[in-house]
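Protein chains in written order, with our numbering: chain A, 1 to 531; chain B, 1 to 977. Note that the Cβ used here is the ideal one computed from N, Cα and C, for glycine as well. All of these numbers come straight from a predicted model, not from anything done at the bench. Just below is one structure, and these are the notes that go with it.
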Amino acid sequence: MHPAVAKVDHIASGPTPRPAKWAKVIDHTRCVGCHACTVACKSENEVPLGVTRTYVKSVDVGVFPQARRAFQVTRCNQCDDAPCATACPTSAMFVRPDGIVDFDKSICIGCKACIAACPYDAIFINPEDHAAEKCNFCAHRLDVGLEPACVVVCPTEAILVGDLSDPTSRVAQIVHREPVTVRRPEKDTQPKLFYRGAHQATLDPLAARRPDGGLYMWSEQGTGPGDVPAGVAAPWNNTSAAALLSYDVPHTAPWHWRVSLYTWTKGIAAGTYLVLLGLLLGGVVSWSSALWVWVAPVVCGVALAATGGLLVADLKHPERFYLIFTRPQWGSWLVRGAFIIAAYSLVLALHFVGSLFGWRDLQRALGAPGAVLAVLCAVYTAYLFAQAKARDLWQNPLLPLHLLLQALIAGAAILLPFAGRLEPAAVPPLLGIVGAASLAHLLLVLGETTLPHGTAHARLAVREMTAGRFRTVFWTGVGLGALAVLVAAAVLGVLATPIAGSAAAVAALALVGLLAYEHAYVQAGQCVPLA
Amino acid sequence: MDTKALNQRVSAARRDAEARGETFYPGPSRIHLASFPPKERWDDWVELDSKAWPGRRVEKRYMLVPTTCFNCESACGLLAYVDRETLQVRKFEGNPEHPGSRGRNCAKGPATLNQITDPDRILYPLKRAGRRGEGKWVQVSWNEALDDIAARIRRAITEGRGNEVMYHVGRPGEDGFTERVLAAWGVDGHNSHTNVCSSGGRAGYHFWMGVDRPSPDHANARVMLLVSSHLEAGHYFNPHAQRVIEAKQQGAKLIVFDTRLSNTATHADHWIAPHPGSEAAILLAIASYLIRRGLYDREFVRRWWNWEEYLACEHPERPATFETFEEILRGLYASYTFEFASQESGVDAAALEDVARTVASAGTRLSTHTWRSAAAGNLGGWQVPRTLFLLNALLGAVATEGGTYPNAWNKYVPKPIYVPPHPTTWNGLTWPIEYPLAINELSFLLPHLLKDGRGHLEVYFTRVYNPVWTNPDGFSWIEMLTDERLVGCSVALTPTWNETAFFADYVLPMGHGPERHDLHSYEQYDGQWIGFRQPVLRAARERLGERVTDTRQTNPGEVWEENEFWIELSWRIDPDGSLGIRKYFESQREPGARLAVDEYYAHIFEHSVPGLPERAAAEGLTPLGFMRRYGAFEITRKVGALYETPVPLAELQDVHVSRFGRAYTRAAKPPDPNIVPLGSPEPDAEGRRPVGVRVDGEILRGFPTPSGRLEFYSRTLVEWGWSECALPTYLRSHVHPGALEHDQMVLISTFRLPVQIHTRSANSKWLDEIAHTNPLWIHPRDADPMRLRTGDLVRVETEIGHFVVKAWVTEGIRPGVVACSHHMGRWKVQGAGQRQAMATVTLGRAEDRWELRRERGVAPYASVDPDTLRIWWTDVGVHQNLTFPVHPDPISGQHCWHQAVRVRPAGPGDRYGDIAVSTQRAHEVYAKWLALTKPAERHSPDGTRRPYWLMRPLRPSRDAYRLPDRRTPEPAPVAGE
């Protein structure tokens with residue numbers, strides 16, 4: 001818990017001794033779409049251009065002359081069960097006892113896990129201070145007895161703040177007495193931002209058609225790498241009513257190529273160790289094989305170092321990465337993953353020490369914990385991704401298996417060139433692993449992309465992956481993977497002994513294909529608009 | 001630092017504030033949280049820094065200084081948070097002490113911060129170095145600029161060319177200061193923007209009630225009828241939106257006429273999207289329904305309409321009874337059936353009948369409002385307010401709770417320190433002889449009038465005005481401004497670059513809203529208040545005990561304010577007082593010294609604002625001190641139906657009552673510190689002044705019209721040659737379907753965006769980020785046959801040229817109509833300019849053919865504000881107004897904005913933002929519309945240029961109204977004729 005929280009046990013001398021539970025009502029029967037809240041918030045919180053803590057989305061619904069413009073004041077939902085706080089590795093995002101989800105920029109490492117986790121796309125990295133931020137109900141104002149800036153500025157009193165525990169507050173009266181809605185209740189976050197009079201066409205981020213031409217009613221959609229434009233391209237609206245997105249702001253995906261690449265290097269680091277252990281246990285190579293003694297610690301170590309490097313480099317505050325270890329928030333899979341990686345790297349380091357001093361028993365003894373850690377290292381990302389509650393593509397129970405197979409493919413593939421030189425006998429089994437794991441992986445991908453999906457979001461993500469923005473890289477990945485299977489099968493089945501270069505070709509196909517696929521998957525998972 | 005300890009010192013929450021004996025400002029949430037800090041702490045208020053929060057609780061100390069927003073006409077209150085350490089403004093919030101805006105603001109209020117910190121703003125006086133419009137400037141001293149300009153003005157005045165001095169204002173933002181300056185100079189040099197804006201709206205109201213603006217009491221209405229988009233724009237956006245929504249929440253019905261789906265239309269219980277120009281037909285169909293069904297307020301109509309005058313003039317053969325009138329009234333509007341209105345408007349007749357039923361249910365709680373909208377769009381558009389107000393007049397919803405007031409009763413203009421006499425000259429450039437009934441100056445015809453050889457300008461000031469961009473036919477303005485034979489010296493008084501300033505001789509930086517003094521009052525509910533705009537840093541430093549004698553001492557760079565500028569300029573025009581000008585700008589307290597703004601306003605607040613001195617004294621403040629501290633003062637509320645007030649006996653001496661009940665008196669007019677403009681009906685033949693009207697035997701105050709009643713029948717219109725328009729009626733627009741070619745559509749070019757304001761908000765990055773382009777709204781039914789999709793380029797062809805813009809295909813507009821907001825399309829040629837929202841263009845000219853080509857949009861750039869490197873938008877829209885010819889309505893003088901256009905997919909040579917215009921063609925269109933007029937020289941009933949009773953800014957003396965004697969040949973007309 002954040003140190004400041006202890007002092008905030010009692011907000012500003014409120015009228016009741018009950019524990020406060022701050023909530024807001026956005027009354028769209030009153031909102032006239034003037035954007036005063038947006039600007040007052042920018043002013044109060046000194047929010048730079050290009051990012052917003054709150055904005056007013058609008059959707060034009062209907063057909064002339066029966067049409068209307070539906071507004072949605074769009075911002076943090078102050079969830080009771082806040083996925084951002086759960087995902088935050090350092091408690092920089094935290095829930096105060098009074099229910100406000102606040103943040104402390106001084107301890108934010110800029111990992112963007114909160115952004116990935118938020119089902120409402122309400123968090124962003126401030127380009128000035130590189131820390132995550134969002135609406136915090138103007139907690140700095142509440143604590144000196146003032147209403148939030150957006151509440152005060154609103155010409156039509158469409159934004160109210162109040163204590164849900166206080167039945168005399170207007171917020172409690174509206175929430176408890178009137179038909180109100182929240183955004184995406186299926187995400188199980190228990191929002192404390194209630195909408196009165198909101199339209200389904202705005203609440204559902206996939207209900208409105210995105211206009212052509214990169215344009216909204218009076219603004220550009222904004223285009224750049226990693227952008228996730230709001231709305232959906234026709235004819236994929238999630239409503240049968242005519243609904244056209246008429247205003248929104250630019251959105252971006254939190255995790256870019258570094259995270260795609262990290263899943264790949266991590267796969268190599270984990271898979272190499274696991275595959276070698278398999279070869280050892282299967283008697284293909286001996287405990288004194290150079291593959292085990294030298295290749296394992298060096299390749300895994302380098303790949304794991306690259307993994308760590310990528311993770312740190314992806315932080316907006318890389319110099320603060322140590323905070324993951326000094327103030328871990330154990331609910332975060334980023335923290336758990338970091339400790340897994342750290343433990344795994346410790347095993348690898350000891351393994352390397354054993355190599356230097358010829359301590360084979362130590363290496364053998366490390367095998368069991370090493371195997372466990374390697375598996376964890378491979379699969380924890382599935383849990384990390386699953387903490388991104390609204391990235392439906394990633395809510396896949398088979399994702400750990402995916403990742404494990406990916407690690408085996410990568411490990412076996414990376415070992416092939418070494419085996420060719422150091423342990424030729426290991427080449428056929430390695431080819432077999434690459435081929436078999438790739439085939440299994442392709443089957444999983446086939447299932448993932450062809451089975452109907454439970455949610456429109458997952459369906460849209462798959463469509464973007466296979467037929468949309470990421471189709472080239474996706475089909476490159478799938479194609480190279482399939483080619484790797486075919487070549488491996490050909491080498492094993494047709495040629496009795498692998499000819500020079502064929503193993504390397506399989507390795508290259510498998511590794512490049514894997515990287516391409518992982519990139520498509522990581523990016524497609526984030527390409528569905530959430531707001 | 002401990003929050004509880006902090007709270008004991010600074011919390012604004014109810015219990016803490018009240019425990020300290022301080023003011024608690026309840027917010028909309030109605031909980032213990034305040035919306036504003038207690039006013040007792042406005043000298044030193046502590047807040048926690050939002051950026052350091054919550055890691056560090058950094059206390060920031062602020063002085064809260066009120067001022068007034070200058071981003072639209074609403075004049076909402078602002079509170080500047082002046083950091084006590086840096087003495088810079090940290091933010092602007094609303095002012096809870098402001099009765100109009102009640103502490104709330106639209107987006108443009110807090111965005112004021114962007115304007116004062118705009119890296120592209122003009123900080124020093126500049127003088128043109130190259131040719132006009134070449135973009136070369138040198139910095140000059142204020143002294144040099146003032147001396148040059150003053151010498152020119154002095155010469156013009158002493159040589160009898162005083163009317164060659166013209167002050168052309170867009171948003172005045174103040175009541176009376178500058179008109180007083182011009183009166184002191186003795187020149188008829190006031191020119192406004194009003195005829196490209198609200199003259200149509202004003203005319204319709206003025207002919208009814210002698211006051212040219214409505215003041216709807218939305219908050220108490222049962223039914224609100226807006227022919228406008230007042231929930232997002234217009235007079236008065238934020239103050240009215242608050243009250244409209246308040247009434248809606250209490251169950252009032254909202255009817256909105258708007259051809260496009262505005263934010264206002266979306267809130268309407270009845271959204272009527274008529275064919276542009278048919279609004280009056282619908283309103284008359286509603287009126288006809290009320291009349292036909294006998295649903296109107298008979299007593300009100302009998303008492304307050306000038307029906308007797310109507311019968312006497314138009315039906316002298318009929319018995320002069322109210323029943324006769326009712327019978328005639330039924331006949332007059334019988335043909336305005338819902339079917340007829342439906343045919344004209346394209347709106348389903350049943351929907352119109354629904355609206356009529358809703359209107360009928362309002363009783364006296366019908367608040368109606370129109371201002372620009374249809375009144376500013378159409379030939380004869382001034383009949384839209386005339387027919388709209390007819391509904392109020394039928395229901396008796398005039399100055400009732402929830403009804404519509406004449407604005408003058410909800411406005412207070414305090415009398416200033418000196419009142420110079422009326423100028424004795426008439427300026428034919430602003431009030432040409434062809435437009436005797438124009439409600440305001442024919443400002444937008446200026447280039448054409450000058451081209452016609454009607455005069456010359458020695459000094460031409462523009463202030464918060466950008467005619468090259470705002471007015472129709474901007475290329476003709478460029479031709480005028482760059483022709484030194486027509487304009488001797490043009491001076492742009494502006495805080496920021498604009499398209500007109502590029503062609504000026506001097507660009508003189510004047511303060512933004514929080515950097516200047518102004519006093520104003522606007523009708524936003526049934527009450528009267530004044531608002532005080534002040535330079536907040538000056539006020540802050542004075543609070544800290546510093547003595548500030550000139551606003552430049554606290555403004556950035558050498559930015560000044562007009563109040564002090566006019567006083568100084570007037571001294572330099574008449575340094576020794578020999579012209580009789582200087583005396584109006586001299587201190588009373590310290591004769592021989594310049595009048596200081598402090599003294600100017602202190603005098604007003606001490607002498608002309610009832611209740612203010614007492615209220616100030618109760619707080620231990622001087623009246624000026626009170627206004628500096630709170631920024632606004634409510635003089636009264638619940639003014640009520642003043643017309644029903646009996647005239648006091650003291651005002652009734654030697655009373656004469658005319659045939660129709662107009663009462664005249666010999667009693668002098670009691671002094672009234674409120675000099676709000678009103679109609680000024682003429683005295684009777686013996687010189688008695690009109691004082692009231694006899695109704696059922698009692699002399700009541702009535703309305704400031706010639707008859708003293710609501711003028712259903714305007715004798716003025718009849719006498720000046722427009723008898724066909726004398727009653728509320730429907731005039732077919734120049735864009736009526738019958739007037740369009742088969743391939744033409746109507747272009748609505750007047751709509752505003754809720755976050756922008758004309759040319760004044762381009763320097764607000766937060767607003768630009770939200771709205772930065774103006775695609776052409778077009779219905780799929782029109783777009784599909786052309787295979788147009790949103791974002792595709794279209795060429796829009798007007799009578800004089802074309803522009804190329806992107807399409808926005810939407811269900812939010814009537815088929816057959818296209819719409820493009822006028823809030824976009826700013827441009828600069830090169831060099832100086834606003835870089836967040838101005839495209840860089842090249843201007844080409846071959847004889848009368850002009851071309852504007854967009855070279856590039858906006859892009860990130862380095863400046864003192866790191867945010868300018870984060871500009872992510874590139875588009876700034878297209879400047880459509882350049883392609884519009886002038887369309888002066890022959891009666892109101894209003895520019896009729898709607899255009900008949902052809903819309904085609906862009907051709908291969910068309911590029912986004914292309915504009916091409918022929919100014920020769922523009923001049924021909926001007927001549928065509930000029931031919932629609934009924935000039936005073938042929939139609940004046942009494943040898944004057946204009947009915948004296950009509951309102952007029954800077955009204956000249958009575959003699960100046962006399963038409964030149966036609967027996968002596970008139971010399972070629974010049975300004976000041």
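| query | Is C34(A) close to chain B, meaning its C-beta is less than 8 Å from at least one C-beta of that chain? | reply | As a working mapping, residue 34(A) is identified with position 34 in the first sequence. It does; some Cβ of chain B falls within 8 Å.
Which bits of chain B does K42(A) rub up against, with CB to CB less than 7 Å?
Taking the first sequence and counting its residues from 1, one reaches residue 42(A) at position 42. Within 7 Å Cβ-Cβ: W766.
Task: is_contact[K105(A), chain B] using C-beta, thresh 8 Å - done: Your numbering for residue 105(A) matches position 105 in the first sequence. Interface residue (Cβ-Cβ distance to chain B less than 8 Å): K105(A) is classified as such.
Any beta carbon of chain A sitting closer than 8 Å to that of I116(B)?
In the second sequence, counting from the first residue as 1, residue 116(B) sits at position 116. No, I116(B) lies away from the interface with chain A (no Cβ there is under 8 Å from its Cβ).
Check whether the stretch 150–162 of chain B and the stretch 129–138 of chain B are in contact - that is, three or more C-beta pairs closer than 8 Å.
no
- Query: Any residues in the stretch 200–217 of chain A with a beta carbon nearer than 7 Å to a beta carbon of chain B? Which ones, in chain order?
  - Reply: P211, D212, G213, G214, L215, M217
request  = Counting only runs of 4+ residues fully inside the stretch 502–582 of chain B, write out the alpha helix (DSSP H) ranges in chain order.
outcome  = 536–543, 562–573
Check your understanding: Does any residue of chain B bring its CB to less than 8 Å from the CB of A67(A)?
Key -> As a first step, residue 67(A) is located in the first sequence; it is residue number 67 there, counting from the start. True, the Cβ-Cβ gap to chain B drops below 8 Å.
Query - Option nearest H206(B) by Cα separation, candidates D550(B), V657(B), P406(B), P866(B) - result: The residue labelled residue 206(B) in the question sits at position 206 within the second sequence. It is P406(B) whose Cα lies nearest to the Cα of H206(B).
Neighbourhood of T23(B) by C-beta distance below 8 Å, restricted to the same chain and skipping five residues each side:
The residue labelled residue 23(B) in the question sits at position 23 within the second sequence. Hits under 8 Å: A17, P38, K39, E40.
* **beta strand (DSSP E) segments (min. 3 residues) lying fully within the stretch 881–959 of chain B** => 899–905, 915–918
(Q) Can you tell me where the alpha helix (DSSP H) holding G201(B) begins and where it ends? (A) Taking the second sequence and counting its residues from 1, one reaches residue 201(B) at position 201. Segment 199–209, the alpha helix (DSSP H) holding G201(B).
Classify K336(B) as helix, strand or coil using the three-state DSSP reduction. As a working mapping, residue 336(B) is identified with position 336 in the second sequence. The residue asked about is misnamed: residue 336(B) is Tyr in this sequence, not Lys. If DSSP states are grouped into helix, strand and coil, Y336(B) belongs with coil.
query: Got a sec: which bits of the stretch 18–37 of chain B sit with their beta carbon under 8 Å from any beta carbon on chain A, in order along the chain?
result: G27, P28, S29, R30, I31, H32, L33, A34, S35, F36, P37
ask   = Nearest-angstrom Cα distance between H519(A) and W42(B)?
value = For the purposes of this step, residue 519(A) is identified with residue 519 of the first sequence, where counting begins at 1. For the purposes of this step, residue 42(B) is identified with residue 42 of the second sequence, where counting begins at 1. Spanning the two alpha carbons is a distance of roughly 56 Å.
Next item on the list: Please confirm if E147(A) has its CB atom under 8 Å from at least one CB of chain B.
Entry: Stepping through the first sequence from its first residue, residue 147(A) is reached at position 147. It does; some Cβ of chain B falls within 8 Å.
> Do three or more CB pairs link the stretch 84–91 of chain A to the stretch 27–38 of chain B at distances below 8 Å?
Replying inline: no
Pick helix, strand or coil for M627(B), following the three-state DSSP scheme.
In the second sequence, counting from the first residue as 1, residue 627(B) sits at position 627. For M627(B), the three-state secondary structure derived from DSSP is helix.
Name the chain A residues whose beta carbon is nearer than 7 Å to that of I770(B)?
-> Taking the second sequence and counting its residues from 1, the one referred to as residue 770(B) is at position 770. Going along chain A in sequence order, the residues near I770(B) (Cβ under 7 Å) are H35, T38, S219.
Reference E73(B), options L519(B), T705(B), A807(B), closest by Cα:
Within the second sequence, residue 73(B) is the residue found at index 73, counting from 1. Answer by Cα proximity: L519(B).
### Task
May I ask which residues mark the beginning and end of the beta strand (DSSP E) holding Q139(B)?
For the purposes of this step, residue 139(B) is identified with residue 139 of the second sequence, where counting begins at 1. It spans 137–139 - the beta strand (DSSP E) in which Q139(B) sits, taken as one unbroken run.
Residues in the stretch 803–822 of chain B with C-beta within 9 Å of chain A's C-beta atoms, listed in sequence order?
K806, A807, W808, V809, T810, E811, G812, I813, R814, P815, S821
Quiz prompt | Collapsed DSSP secondary structure at E811(B) in the structure displayed | solution = Translated into positions along the second sequence, residue 811(B) becomes position 811. In the three-state scheme derived from DSSP, where H, G and I count as helix and E and B as strand, E811(B) is classed as coil.
Residue nearest to L446(A) in terms of C-alpha spacing, selected from H402(A), L422(A), L430(A):
On the first sequence, position 446 is the one that residue 446(A) refers to. Comparing Cα-Cα distances from L446(A) to each of H402(A), L422(A), L430(A), the minimum goes to H402(A).
**Message:** In the DSSP assignment, the alpha helix (DSSP H) including P239(B) goes from what residue to what residue?
**Reply:** Locating residue 239(B) in the second sequence gives position 239, where the first residue counts as 1. Element bounds for P239(B): 237–249.
What in chain B is Cβ-close to S438(A), meaning under 7 Å? Within the first sequence, residue 438(A) is the residue found at index 438, counting from 1. Here the premise fails: no neighbours, minimum Cβ distance about 42 Å.
Leaving out five residues before and five after S749(B) in sequence, what residues of the same chain have Cβ atoms less than 6 Å from its Cβ? Counted from its first residue, the second sequence places residue 749(B) at position 749. Taken in chain order, the residues that qualify are C820, H822, Q880, W897.
When the distance is taken between beta carbons, is T52(A) closer than 8 Å to T29(A)? One-based indexing of the first sequence puts residue 29(A) at position 29. One-based indexing of the first sequence puts residue 52(A) at position 52. Taking 8 Å as the Cβ cut-off, T29(A) and T52(A) do not qualify as a contacting pair.
Just to confirm before moving on: does the CB-CB distance between L930(B) and E434(B) stay below 8 Å? Looking up residue 930(B) in the second sequence gives position 930. Looking up residue 434(B) in the second sequence gives position 434. Note that the C-beta distance between L930(B) and E434(B) is below 8 Å.
DSSP beta-bridge partners of F36(B): For the purposes of this step, residue 36(B) is identified with residue 36 of the second sequence, where counting begins at 1. Answer is Y25(B).
Check: Hey, which unbroken runs of the alpha helix (DSSP H) at 4 residues or more fall wholly within the stretch 345–426 of chain B?
Finding: 349–360, 373–377, 383–395
What are the boundary residues of the beta strand (DSSP E) that includes W45(B)?
Walking along the second sequence from the start, residue 45(B) turns up at place 45. From DSSP, the beta strand (DSSP E) with W45(B) extends over 45–48.
Determine the chain B residues that contact S169(A) at a beta-carbon separation under 8 Å, and present them in chain order.
Indexing the first sequence from 1 puts residue 169(A) at position 169. Residues of chain B passing the Cβ test: S29, R30, I31.
* Asked: Quick one: what does DSSP say M1(A) is sitting in, helix, strand or coil?
  -> Residue mapping note: residue 1(A) aligns to position 1 of the first sequence, counting from 1. Note that M1(A) scores 35 on pLDDT, short of 50, meaning its location in the model is unreliable and no value can be drawn from it.
Report the start-end ranges of each alpha helix (DSSP H) in the stretch 261–333 of chain B that is 4 residues or longer and not cut off at the edges.
263–266, 279–292, 298–304, 307–314, 322–333
Flag C111(A) as yes if its beta-carbon sits less than 8 Å from any beta-carbon of chain B, otherwise no.
Sequence index remark: in the first sequence, residue 111(A) carries index 111 (1-based). No, C111(A) does not count as interfacial toward chain B.
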